[in-house]
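Counting from 1, position 86 in the sequence shown corresponds to residue 631 in my numbering; the numbering is continuous, with no gaps.
Every residue, glycine too, gets a C-beta built ideally from N, C-alpha and C.
Remember, predicted model here, so these are calculated numbers, not experimental data.
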Amino acid sequence: MEGKPIIETRELTKVYDSTVAVDHLNLTVYEGEVFGFLGPNGAGKTTTILMLLGLTQPTSGTATVCGFNPVREAIRVKRLVGYLPEHLGFYDDMTAVENLQYVARLNR
Numbered sequence: 546m547e548g549k550p551i552i553e554t555r556e557l558t559k560v561y562d563s564t565v566a567v568d569h570l571n572l573t574v575y576e577g578e579v580f581g582f583l584g585p586n587g588a589g590k591t592t593t594i595l596m597l598l599g600l601t602q603p604t605s606g607t608a609t610v611c612g613f614n615p616v617r618e619a620i621r622v623k624r625l626v627g628y629l630p631e632h633l634g635f636y637d638d639m640t641a642v643e644n645l646q647y648v649a650r651l652n653r
């Protein structure tokens, strides 16, 4: 345990229909620690990260990232955290600049 908590989850849960993707996750990552999510496909790694970034809402439980709630303060979290998904969601009918401008407008 080093420094202050940077990532905290308490009973974080995500359910899609009848599938439990993340089941009451309790996690604390402290400033200065290196942490990785490891597990097989379908273990909930991506879903957890999406909840930490405010890109999907938890079914129940709470999370904080650098002291911010990703559900209520998603923009603040996104300003502090970089995320590169495996599959990018660009629109094929737009140029790279148009894609960036479109996403920037959505995040104002």
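Do residue j and residue i count as a contact pair if the criterion is CB distance below 8 Å?
i	j	result
Y575	G606	no
T604	L595	no
M639	Y628	no
Assuming residue i and residue j are in contact, meaning their beta carbons sit under 8 Å apart, how far apart are those beta carbons, in whole angstroms?
i	j	result
A566	G599	Contact flag wrong, Cβ pair sits at about 16 Å.
K559	T592	5 Å
I620	N652	7 Å
P550	T573	5 Å
V622	F635	With 8 Å as the limit, V622 and F635 do not qualify as a contact, their Cβ atoms being about 22 Å apart.
Just verifying my parser: in three-state terms, what is the DSSP assignment at residue i?
i	result
N571	strand
T564	strand
L597	helix
E643	helix
R653	coil
K559	strand
Can you check which of these residues, the options, is closest to residue i by C-alpha distance?
i	options	result
F580	P630, I552, P615, Y628	I552
T554	Y647, A641, L597	L597
L625	L570, Y561, P615	P615
N586	D638, Q646, D637, E631	E631
L570	G577, T609, L629, S563	T609
G577	R650, L557, C611	C611
Subject >> Any alpha helix (DSSP H) of 4 or more consecutive residues that is wholly inside the segment 604 to 632 >> reply: If you keep only unbroken alpha helix (DSSP H) runs of at least 4 residues inside the segment 604 to 632, you get 619 to 625.
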